[in-house]
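Chemist:
Residue numbers (the working numbering): 3 to 986.
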C-alpha cells in the first residue's frame, strides 16, 4: 500500500505543533545535557591530568629524608620489589634576593617527573634556570634572577650547610615550565625560608648542587605501567609498594643514627684526647722548666761554693806566703850573725826561690780556678737564657691553651649534648596524592562532579520523563480521530502507531543530539574552567563517551516513544467507528471540599470550578505537582549548596579560629634566641600570643582511605587559648572546654573517622607511632582537621609532657600582605623553625568553592529552564484539553482576563503545591549532597537558609506568571467557532 499520505501526515504532525515538538526536544536536550555533561566531565578532567602525567612521566612515589639519601639508602632502595626505575635528584629552598618570595630549586630530571616547557627551553648550561610558568609576569627570557640562600648555623656532619648546596646564586632565565609534581597554583607547600609558605619553583642543571647526599628519590614500578592513575587498582598497588619500601627502611633511620653517632663520637673523643694531650704537654713542659730551674739554681750554688772555696784556698795560701815572707825577712836579718854566712845565704836564696815559686803556683791555681768558675758561670748563663726562652714559650702556649681549651671543651660538651639529643632521620614516603600539591584536590574536584552527576540528572530526567509522558499521551488523544480515519482508510495499526513512534524518535533524538553535543563540549569546558583557576591545567581533554551517549539517547527515546506507543496501542484496540468519535469530557464529581459546607458555600463560582477541575484531571494535577516539585527541589538544592559554601571561610577565620599564625620554635633554644623571640612577640604589631604545644598528626580515612593531616594544639594556658579558638558544638551551640580525659575533635575529622563522643581513635604522630585518643567532644570547624587537648589529656594519650614549642600569634593588621610580612620577620629569627598561616588553607578552599559555585550556577540554570519548559508544557496541555470548555465560557461573556484566570488559577495553585513539595525534597537532597560533596579536609554548612526557599519559590512563580501572559495572548486569539464545532 502506498504510504506517501501517511508520511505527509507524519510531517504535518511535526510542523503543525511546533510548540509541543520543541517542548519535548527541550526536555530531552536538558536531560541529556545534564546527564551526559556531568557524567563525562569527571572522567574528562581526570583524563586531562592523566595525559599530562603520562607526557611528563610523573613518578609513582618519592622518598625524602631529613638527612638526605646516602649510599646506604640507595643500596637499600635498589632492593625494592618490582622497582622499574629510580632517579635521584637535588632540591633547595631559597628566596629571591632582597624579597620574601620563596622558591624551591630542583635539579633537572633525566626521565621521571619531567617538566612541560611552556616557553623557551630547559637549562643546558650551569648558569641557566627555568621558572614556574606563573612567573612570566615577573620575568622574561634573558632576565637575570638572583637568589639568596639561607645562612645556616653550625652544621653537623649529617646535614649539608645550606649555603654550600648551590654553587651559584645568579642565573639567566631561559624558559618557563609546568611541573608534574606541583599542579596547584596556590598553597603549594611549606618552607623554612621567606614567609614560611612556598611561593614558586625553578629548575637548574644538576651540577649546580654541591652535596654529598641526594635530597629526593623518584620511583616507578613495573606493575603500575599503563594503569589508570586514578583507578582503585593503581591505588592498591601503590599502597602495597609504599608499605614494602617502608618495611625496607624500617631500621634504616636507627642504623644511620648509630653510624653518625659512632663517627661523631669518635671525633668528640679525638677532640678530648687532643685537649688532654695538650694539657699533658703543658704539664710536661712546666715540669721540665721547674727541673731546669732547679738545675740552674743548683749549678749556681755549686759555682758559688767553688768560688768561696777558691777564695778561701787563695786566702790560706796567701797567708802562708806572707808567713814565709816574714820568715824570709827574719832570715835576711840573721844572715850576718850566722856562724856560716854562706850557707845561711844559700838557704835564704833557696827559700826566696820557694816563696816565688809558691806565689807563682798560687797565681796559676787562682787563675785556673777562676777561669773554670767563670766558664761554668757562662754556661749557667746560657742555660738561664735557654730557660727564660723556654719559659716564655711555655707561658705563651699556656696562655693560648688557657684561652682555647675552655672554648674547645665547651664546644665538645655542646657537641656531646647535641649528639646525645640527636634524633634519627625522618624518611618520608609519598605517593602522588601525598607528595603532589594539587593532585589530590584536583581528583576530589572531579569526584565532586561525579557525585553531582548521580543526583541532578536523575531529577532532570525524571521530570522530563513525566512531562514527556503527559505530552505524548495528550498527543495521542488529540490524534484520536485522525488515527481512526487512517485506520478506516486501511492503514494497519503499526502504520498508525508509526506516526507517534517517529514523532517521539525525531523530537527526542534531536533533543538528545543537542544535549549530548553540548554535554560533551560545553559543560565539561565550563566546569573545567571553573576549577582550572586552582590548577596548572589549562585545557580540558574532551573524550567522546559512547556508553553515556547510548544511555542518554536510550532514555530520551524510550521516555517519549514508549508512552506514545503504549497509549496508541491501547487506543487502537477500539473499533474504528469509536475512534472516529471524540472522547467525551471527563465527568465531574463531588469532591471532599463540597462536603465542608462552611467553606464551600463561601467560595465563588470560579474557585468552585477550579477545585472541581483539579480533581477532575488528577493525572495532570499530579504531573504538574511532581514536575514543579522536582524543579523547585533542584533550585532549593542549588541555592542551598551555594549558600552553604558562601561565608564559611570568613566564619571560620573570624569566629572560630582567631589567631593568624602558628610559630614553631626550634629545639633547645638558647637564651639569646628566646630573648629575640620574646622581643618580637612584644612588638606593637602583635595583638596576642599564646604558648602552645604544636604537633602534626595523621590518619588514613575517607572514601579513598587517603592520609588526613591533623593539627594538634595543646595550650599552656587554657584561658588564653579561649581567645584564640572558639570551641562550640555546631548543632547545640554549646560552648566546649578542654577535658582531662580526651580531646576536642573538629567536626569533619570526627565524621571521617565515624567517631562520636566517647569513642577512642588511633592517630599516628610524625614518627609513625600510634596513639589512642578519646573523643571528648566535637567542635564546629569547616576547613582542615584539628584536635585540641589540655596538658593532662596529652600526657595520658602520648606518655610525654606537652611542653610548649610554639605560639599562636594574633596580628593587629590581618591583611594578607601584613601576614606575609610578619611571617617573614618571624622566619628571620634563629629560634623559629617554621611559620604556618592559619588562612593558608582558605585560598585552597576558596578555589574549591569558586569551582562549585560555577557548577551550581549551571545546574540552577538547567533547573530554571526545566521549570520553564515543564510549566509551559503542562499549561499548554491543560489549555488544549479544555479548549472547547474555554471557548464556551468565552461565548458566555467571560472577559479575556477571567478566561485566563479560569485556567491559570489551577496552574498557580498546583505550582504552589509543587513548590511546597519541592521544599521537602530539596531539604533532604541538600542534606545528602552536603554529606557527600565536600572534600576530605572541608565541611560545608549543612543548613538551609530562608533565602534558599524564597528564591526557589520566586523563580518558579516568576516563570509561572511570565507564562501566564503568554497563555493569555494565546487564549485571546482562540477561534471559538472552530473550537466549538462538533467533532461528529
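Glycine is no exception: its CB is placed at the ideal position from the N, C-alpha and C atoms. Just so it is clear, the structure is predicted and the values come from calculations on it, not from any experiment.
Unbroken beta strand (DSSP E) runs of length 3 or more, entirely within the stretch 729-768: which are they?
Modeler: 745-748, 762-766
Chemist: Measuring alpha carbon to alpha carbon, tell me which residue in 109, 105, 141 is nearest residue 122.
Modeler: Here the question's residue 122 lines up with position 120 in the chain shown. Nearest C-alpha to residue 122: 141.
Chemist: If we call anything under 8 Å between Cβ atoms a contact, is residue 525 one with residue 35?
Modeler: In the chain shown, counting from the first residue as 1, residue 525 sits at position 523. In the chain shown, counting from the first residue as 1, residue 35 sits at position 33. Yes.
Chemist: Which whole-angstrom value is the C-beta distance of residue 107 and residue 96, which I expect to be below 8 Å?
Modeler: On the chain shown, residue 107 is found 105 positions in, with the first residue counted as 1. On the chain shown, residue 96 is found 94 positions in, with the first residue counted as 1. Confirmed, about 6 Å.
Chemist: So residue 169 and residue 210 are in contact, right, with Cβ under 8 Å, and what is the actual spacing, rounded?
Modeler: In the chain shown, residue 169 corresponds to position 167, counting from 1. In the chain shown, residue 210 corresponds to position 208, counting from 1. Yes, residue 169 and residue 210 are in contact; Cβ-Cβ is about 5 Å, under 8 Å.
Chemist: Pull up the CB-CB distance for residue 633 and residue 965, whole angstroms please, since I reckon it's below 8 Å.
Modeler: Position 631 of the chain shown, counting from 1, holds the residue named residue 633. Position 963 of the chain shown, counting from 1, holds the residue named residue 965. Wrong, their Cβ atoms sit about 13 Å apart, outside the cutoff.
Chemist: Which residue or residues does DSSP assign as beta-bridge partners of residue 951?
Modeler: Along the chain shown, read from residue 1 onward, the residue named residue 951 stands at position 949. In DSSP, residue 951 forms no bridge with anything.
Chemist: Can you grab the Cα-Cα spacing for the pair residue 623 / residue 861, in whole Å?
Modeler: Locating residue 623 in the chain shown gives position 621, counting from the first residue. Locating residue 861 in the chain shown gives position 859, counting from the first residue. The alpha-carbon atoms of residue 623 and residue 861 are separated by roughly 26 Å.
Chemist: Have a look at 202, 84, 273, 277 and flag the residue whose alpha-carbon is nearest the alpha-carbon of residue 244.
Modeler: Locating residue 244 in the chain shown gives position 242, counting from the first residue. For residue 244, the nearest C-alpha among the options comes from 84.
Chemist: Could you give the residue range of the alpha helix (DSSP H) that holds residue 477?
Modeler: Residue 477 sits at position 475 when you count from the first residue of the chain shown. From DSSP, the alpha helix (DSSP H) with residue 477 extends over 458-480.
Chemist: Relative to the alpha-carbon of residue 670, which residue among 301, 835, 101 has its alpha-carbon at the smallest distance?
Modeler: Working through the chain shown from its first residue, we reach residue 670 at position 668. Answer by Cα proximity: 835.
Chemist: Taking the alpha-carbon positions, what's the residue 90 to residue 438 distance?
Modeler: Reading the chain shown from its first residue, position 88 is the one you call residue 90. Reading the chain shown from its first residue, position 436 is the one you call residue 438. Taking the straight line from one Cα to the other gives about 17 Å.
Chemist: To test your reading of the DSSP string, which unbroken alpha helix (DSSP H) runs of 4 or more residues are found completely within the stretch 661-715?
Modeler: Segments of the alpha helix (DSSP H) lying fully in the stretch 661-715: 673-683.
Chemist: Taking the straight line between their C-alpha atoms, what separation do you get for residue 319 and residue 292?
Modeler: Reading the chain shown from its first residue, position 317 is the one you call residue 319. Reading the chain shown from its first residue, position 290 is the one you call residue 292. Roughly 40 Å separates the two Cα atoms.
Chemist: Output needed for residue 881: all residues of its chain with C-beta closer than 8 Å, excluding positions within five of it in sequence on either side, in chain order.
Modeler: Your numbering for residue 881 matches position 879 in the chain shown. 888, 905, 969, 972, 973.
Chemist: Out of 630, 680, 699, 696, which one is the CA nearest neighbour of residue 690?
Modeler: Reading the chain shown from its first residue, position 688 is the one you call residue 690. Ranking the options by Cα distance to residue 690, first place goes to 680.
Chemist: Look at the alpha carbon of residue 510 and the alpha carbon of residue 472, and state the distance between them as a whole number of angstroms.
Modeler: Against the chain shown, residue 510 aligns to sequence position 508. Against the chain shown, residue 472 aligns to sequence position 470. Answer to the nearest angstrom: the Cα atoms are 14 Å apart.
Chemist: When the Cα atoms are used, what is the spatial distance from residue 946 to residue 731?
Modeler: The count along the chain shown starts at 1 and reaches residue 946 at position 944. The count along the chain shown starts at 1 and reaches residue 731 at position 729. Roughly 18 Å between the two C-alpha positions.
Chemist: Taking Cβ positions, are residue 723 and residue 789 nearer each other than 8 Å?
Modeler: The sequence position of residue 723 within the chain shown is 721, counting from 1. The sequence position of residue 789 within the chain shown is 787, counting from 1. No, the pair does not count as a contact, with Cβ atoms beyond the cut-off.
Chemist: Can you tell me whether residue 894 is buried or exposed? The criterion is at least 16 other CB atoms within 10 Å of its CB, across all chains shown.
Modeler: The residue given as residue 894 occupies position 892 in the chain shown. Exposed, by the Cβ-count rule.
Chemist: Write down the C-beta distance between residue 579 and residue 924 rounded to the nearest angstrom, noting that I regard them as a contact closer than 8 Å.
Modeler: For the purposes of this step, residue 579 is taken as residue 577 along the chain shown, with counting starting at 1. For the purposes of this step, residue 924 is taken as residue 922 along the chain shown, with counting starting at 1. Between residue 924 and residue 579 the Cβ distance is about 50 Å, and since that is not below 8 Å, they are no contact.
Chemist: Keeping to the same chain, check which residues put their C-beta closer than 7 Å to that of residue 224; ignore five residues upstream and five downstream.
Modeler: Your numbering for residue 224 matches position 222 in the chain shown. Once the five neighbours on either side are set aside, the close Cβ partners of residue 224 are 84, 86.
Chemist: If we ignore side chains and look at the alpha-carbon of each, how far apart do residue 9 and residue 27 end up?
Modeler: Taking the first residue of the chain shown as position 1, residue 9 is located at position 7. Taking the first residue of the chain shown as position 1, residue 27 is located at position 25. The straight-line gap from Cα to Cα measures roughly 20 Å.
Chemist: At a cut of 8 Å, does the stretch 125-132 reach the stretch 170-187 through at least three beta carbon pairs?
Modeler: yes
Chemist: Taking the alpha-carbon of residue 195 as reference, which of 74, 897, 828 has the nearest alpha-carbon?
Modeler: Position 193 of the chain shown, counted from the start, is the residue given in the question as residue 195. Of the candidates 74, 897, 828, the one whose C-alpha sits nearest the C-alpha of residue 195 is 828.
Chemist: Given residue 571, which residues of its chain have a CB within under 7 Å of its CB, disregarding the five upstream and five downstream residues?
Modeler: Position 569 of the chain shown, counted from the start, is the residue given in the question as residue 571. Excluding positions up to five away in sequence, the list reads 499.
Chemist: To the nearest angstrom, how far is it from the Cα of residue 466 to the Cα of residue 429?
Modeler: Counting from one through the chain shown, the residue named residue 466 turns up at place 464. Counting from one through the chain shown, the residue named residue 429 turns up at place 427. Each residue's alpha carbon lies about 57 Å from the other.
Chemist: Hey, residue 427 and residue 220 are a contact pair by Cβ (cut 8 Å); roughly how many whole angstroms apart?
Modeler: Locating residue 427 in the chain shown gives position 425, counting from the first residue. Locating residue 220 in the chain shown gives position 218, counting from the first residue. Between residue 220 and residue 427 the Cβ distance is about 19 Å, and since that is not below 8 Å, they are no contact.
Chemist: Does residue 448 pass the burial test, meaning 16 or more other C-beta atoms within 10 Å, or should it be called exposed?
Modeler: Along the chain shown, one-based indexing puts residue 448 at 446. It is buried - the Cβ of residue 448 has at least 16 other Cβ atoms within 10 Å.
Chemist: Going by the CB atoms, is the gap between residue 545 and residue 46 shorter than 8 Å?
Modeler: The residue you call residue 46 lines up with position 44 of the chain shown. The residue you call residue 545 lines up with position 543 of the chain shown. Yes, these two residues count as a Cβ contact at 8 Å.
Chemist: Roughly how many whole angstroms lie between the Cα atoms of residue 30 and residue 911?
Modeler: Taking the first residue of the chain shown as 1, we reach residue 30 at position 28. Taking the first residue of the chain shown as 1, we reach residue 911 at position 909. Approximately 26 Å, taken between the alpha carbons.
Chemist: Whole angstroms is fine: what's the gap from residue 841's alpha carbon to residue 716's?
Modeler: Stepping through the chain shown from its first residue, residue 841 is reached at position 839. Stepping through the chain shown from its first residue, residue 716 is reached at position 714. One C-alpha to the other measures close to 20 Å.
Chemist: Can you tell me where the beta strand (DSSP E) holding residue 789 begins and where it ends?
Modeler: In the chain shown, residue 789 corresponds to position 787, counting from 1. Element bounds for residue 789: 787-790.
Chemist: Assign residue 388 to one of two classes, buried (16 or more other C-beta atoms within 10 Å of its C-beta) or exposed (fewer than that).
Modeler: The count along the chain shown starts at 1 and reaches residue 388 at position 386. Exposed: under 16 other Cβ atoms inside 10 Å.
Chemist: What residue from 564, 833, 739 has the CA that sits closest to residue 678's CA?
Modeler: As a working mapping, residue 678 is identified with position 676 in the chain shown. The shortest Cα separation from residue 678 among 564, 833, 739 belongs to 833.
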